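Chemist: Quick one: the structure is below, and I'll ask about it shortly.
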Amino acid sequence: MTFDTSSVHAFQSHFDGDIILPESPEYESASTVFMAKGAPAIVVRPRTDVAVAESVKFAKEHTLVISVRSGGHSGAGHSTNDSGIIIDLMHLNKVEVIDTAKNTVRIEGGAHWGPTADQLQKLGLAISSGDTNTVGVGGLATAGGIGWMVRKYGLTIDSLVGATVVTASGEILQASKTTNPDLFWGIRGGGGNFGIVTSFEFEAHPIGEVYAGSIVYDFAERGEILKKWRDYMRTASEDLSTMIMPMPSMPAFGGQPAALVLLACYASDNQEEATKVIAALKDFGTVLSDDIQKKPYAEVLEDAHPPQGFQVLVNDALISDFSDELIDTIVKNDTQMLQIRSVGGAMNRVSKDATAFAHRASEALIIAPVFMSPAASQSEIDSALEPWRAIAKFGQGAYINFFNEWTSVESTAAYPPATFNKLVALKRQYDPENIFHRNYNIAPDSELR
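Numbering-wise (this note's numbering), the sequence shown opens with residue 377 and increments by one.
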């Protein structure tokens with residue numbers, strides 16, 4: 377800790393928000409996030425943009441490492457730290473319509489996608505977001521956002537029209553295509569490198585009810601089913617987004633039998649077309665169960681709970697050609713659980729240089745969680761990752777939000793040279809001291825590629 381009680385009292389006297397110290401009753405919950413537990417010197421929960429800016433200035437004055445928490449789902453534990461400050465945006469959670477003619481909504485950076493979807497549903501609107509209720513708007517929207525309407529409306533950032541950003545200097549800036557357009561480009565895929573986004577303005581989309589749920593197939597048929605899934609999704613209606621998951625029997629999930637699980641969301645209430653789509657999905661192979669049904673879009677987002685007693689190592693790869701060779705490799709490495717998400721559609725129609733998310737030619741995103749004992753040795757971890765390494769060779773890119781580690785290997789996969797170099801230039805402009813480095817960091821002193 378590099379500050380004393382008098383410093384905290386002075387800060388608290390004008391701070392609009394909550395301050396939590398190690399002796400506070402709520403400290404443990406305030407310092408624990410989805411995948412990590414920290415021991416920060418102080419947690420602040422600002423209620424305004426100005427209070428966020430004051431928090432940044434306080435951190436700089438006392439040389440505190442900054443973690444920013446929106447939903448706390450960072451797989452790498454970036455949302456907490458030891459001996460630093462957490463700027464928790466939980467009070468900045470308002471959702472409001474600011475232009476009814478254009479369906480423009482303002483969502484604050486600490487809102488979670490579940491409650492946000494609930495509020496928008498009441499207005500007959502939705503934004504293509506993630507798939508988990510408790511994920512924060514800020515962490516997902518600055519990375520890209522791959523959700524249940526990605527093929528219909530693109531990434532979350534493709535609906536973004538403006539934002540309010542608190543920079544490393546404590547300035548409060550507006551960002552859009554016409555105001556600070558370079559910053560606007562960077563926060564759409566560059567993560568939290570350039571500041572704290574306290575609010576986002578999105579063009580929401582009209583939505584009624586959707587058809588969503590799961591189909592469970594015989595795991596033994598996974599090779600042929602994956603090929604049929606790939607072929608179908610290449611020409612499927614953009615109303616349909618799917619995720620198919622080869623799930624081996626795993627201790628982390630109680631040792632239940634291996635299965636191939638498909639999750640689907642058909643983002644239309646057209647019953648006739650939905651019936652045809654569901655029938656086609658069931659025709660992929662032997663169906664053990666299915667529960668696809670009509671429901672409000674907000675109910676498609678689900679809760680997520682990491683399995684207790686395990687550390688979770690996560691990697692991912694974006695795939696531009698979901699080839700037979702890749703499918704055969706997946707089948708061969710049958711101890712690896714995978715989430716294989718269909719992308720494409722509207723996401724593919726955005727230019728690769730329009731945002732900092734450059735991998736626009738992808739047809740699938742593969743996410744690979746590995747569940748290990750917290751006491752696992754490095755050699756055991758390396759061995760467990762071997763199946764993933766065989767699959768990852770087919771990747772042509774990566775999505776930053778599913779990494780546990782961030783080295784030159786991951787950053788090279790996430791950002792092509794032209795994108796990376798532009799991000800470095802922005803970092804040097806907006807955060808030359810790299811005070812925002814608890815993220816998938818673009819260091820200002822990075823060598824250009």
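Every residue gets a Cβ at the ideal spot worked out from N, C-alpha and C, and that includes glycine. All figures in this text were calculated on a predicted structure; none of them were measured in a lab.
Could you name the residues of the same chain whose beta carbon sits closer than 6 Å to that of I734, not counting the 5 residues immediately before and after it, in chain order?
Modeler: The sequence as given places Ala at residue 734; Ile does not occur at that position. Here the set comprises K728, P792, T795.
Chemist: Between which residues of its own chain and A517 is the CB-CB distance below 6 Å, once the five residues before and five after are set aside?
Modeler: So the list reads T532, F576, once near-sequence residues are dropped.
Chemist: Take I757 as the anchor and find which of T555, Q687, A406 has the nearest alpha-carbon.
Modeler: Checked all of T555, Q687, A406; the closest Cα to I757 is Q687.
Chemist: Label L496 either buried or exposed according to how many other C-beta atoms from any shown protein chain fall within 10 Å of its C-beta, with 16 as the threshold for buried.
Modeler: So L496 ends up on the buried side.
Chemist: Nearest by alpha-carbon distance to A417: which of G453, R445, N457, H390 is it?
Modeler: Ranking G453, R445, N457, H390 by Cα distance to A417 puts N457 first.
Chemist: For the region 504 to 521 against the region 594 to 611, do three or more pairs of beta-carbon atoms, one drawn from each stretch, fall closer than 8 Å, so that the two count as touching?
Modeler: The answer is no - the region 594 to 611 does not touch the region 504 to 521, with fewer than three Cβ pairs under 8 Å.
Chemist: For the region 548 to 585, which segments carrying the alpha helix (DSSP H) assignment without a break, of at least 4 residues, lie completely within its bounds, in sequence order?
Modeler: Listed in chain order, they are 557 to 563.
Chemist: Measuring CA to CA, which of G523, G520, A588 is closest to T651?
Modeler: Ranking the options by Cα distance to T651, first place goes to A588.
Chemist: Shortest alpha-carbon distance to Q647 belongs to which of L824, G584, I548?
Modeler: When each option's Cα is compared against that of Q647, the closest is G584.
Chemist: Between the Cα of L799 and the Cα atoms of L559, L664, V719, which residue gives the shortest distance?
Modeler: Of the listed residues, the one whose Cα sits closest to L799 is L559.
Chemist: Rounded to a whole number of angstroms, what is the C-alpha to C-alpha distance between G771 and F778?
Modeler: Going from the Cα of G771 to the Cα of F778 covers about 14 Å.
Chemist: How about A519 and N780: are their beta carbons less than 9 Å apart?
Modeler: No, these two residues do not count as a Cβ contact at 9 Å.
Chemist: Taking only the alpha-carbon atoms, compute the straight-line gap between A580 and D380 and give it to the nearest angstrom.
Modeler: A580 and D380: Cα-Cα distance of roughly 46 Å.
Chemist: How is the alpha helix (DSSP H) around E649 delimited, first residue to last?
Modeler: Taken as a continuous stretch (DSSP letters only), the alpha helix (DSSP H) holding E649 covers 647 to 658.
Chemist: Less than 7 Å between C-beta atoms, sequence neighbours within five positions excluded: which residues of the same chain meet that for G567?
Modeler: The residues are T518, A519, I776, N815, Y816.
Chemist: Take T510 and list the residues in its own chain whose beta-carbon comes closer than 6 Å to its own, dropping the five residues that flank it on each side.
Modeler: For T510, where only same-chain residues beyond five positions count, the Cβ hits under 6 Å are G447, H488.
Chemist: Taking D475 as part of the beta strand (DSSP E), name the residues at either end of that continuous run.
Modeler: It spans 471 to 475 - the beta strand (DSSP E) in which D475 sits, taken as one unbroken run.
Chemist: How close, in whole Å, do the beta carbons of M466 and G486 come, if the pair is a contact with beta carbons under 8 Å?
Modeler: 5 Å between Cβ atoms; contact.
Chemist: Beta strand (DSSP E) containing S443: first to last residue?
Modeler: Per DSSP, S443 belongs to the beta strand (DSSP E) from 442 to 445.
Chemist: Suppose you measure from the CA of K433 to the CA of H813; what does that come to, to the nearest Å?
Modeler: The straight-line gap from Cα to Cα measures roughly 16 Å.
Chemist: Which full runs of the alpha helix (DSSP H) of 4+ residues lie inside the region 483 to 554, going along the chain?
Modeler: Qualifying alpha helix (DSSP H) stretches, in chain order: 489 to 497, 513 to 517, 526 to 529.
Chemist: Three or more C-beta pairs under 8 Å: does that hold for the region 418 to 430 against the region 395 to 402?
Modeler: In short, these stretches touch, since the Cβ pair count reaches three.
Chemist: Pull up the DSSP beta-bridge partners for G589, would you.
Modeler: In the DSSP output, where bridge partners are listed per residue, G589 has A640.
Chemist: Applying the 10 Å Cβ sphere with the 16-neighbour rule, what's the burial state of V746?
Modeler: That one is buried.
Chemist: Compute the Euclidean distance between the alpha carbons of M525 and D615, then round it to the nearest angstrom.
Modeler: Approximately 7 Å between the Cα atoms of the pair.
Chemist: Output the distance between the C-alpha atoms of I654 and W605, rounded to the nearest integer angstrom.
Modeler: If I take the Cα positions, the gap works out to 12 Å.
Chemist: Is the CB-CB distance between S822 and G773 below 9 Å?
Modeler: Against a cut-off of 9 Å, the Cβ pair of G773 and S822 comes out as no contact.
Chemist: Where DSSP assigns a beta bridge to L689, which residues make up the other side?
Modeler: DSSP output for L689 lists V746 as bridge partner(s).
Chemist: Does the Cβ-Cβ distance between T508 and E762 come in under 9 Å?
Modeler: No, these two residues do not count as a Cβ contact at 9 Å.
Chemist: Around the Cβ of P750, are there at least 16 other Cβ atoms within 10 angstroms (buried) or fewer (exposed)?
Modeler: Answer is exposed; the Cβ neighbour count stays below 16.
Chemist: What separation, rounded to the nearest whole angstrom, lies between the Cα atoms of A635 and E597?
Modeler: Going from the Cα of A635 to the Cα of E597 covers about 10 Å.
Chemist: Roughly how many whole angstroms lie between the Cα atoms of K553 and A680?
Modeler: C-alpha separation (whole angstroms): 35 Å.
Chemist: Buried or exposed for E361, please, with buried defined as at least 16 other CB atoms from any protein chain shown within 10 angstroms of its CB.
Modeler: Nothing about residue 361 can be read from this structure; the chain reaches only from 377 to 825.
Chemist: Return the first residue and the last residue of the alpha helix (DSSP H) that V726 is part of.
Modeler: Counting along the chain, V726 falls outside any alpha helix (DSSP H), and DSSP gives it neither H nor E.
Chemist: Does any residue of chain B have a CB that is nearer than 9 Å to the CB of K528?
Modeler: Absent here is chain B; the protein component of the structure consists of one chain.
Chemist: Count the other CB atoms within 10 Å of the CB of R725; is the residue buried (16 or more) or exposed (fewer)?
Modeler: The residue in question, R725, is exposed, as its Cβ has fewer than 16 Cβ neighbours within 10 Å.
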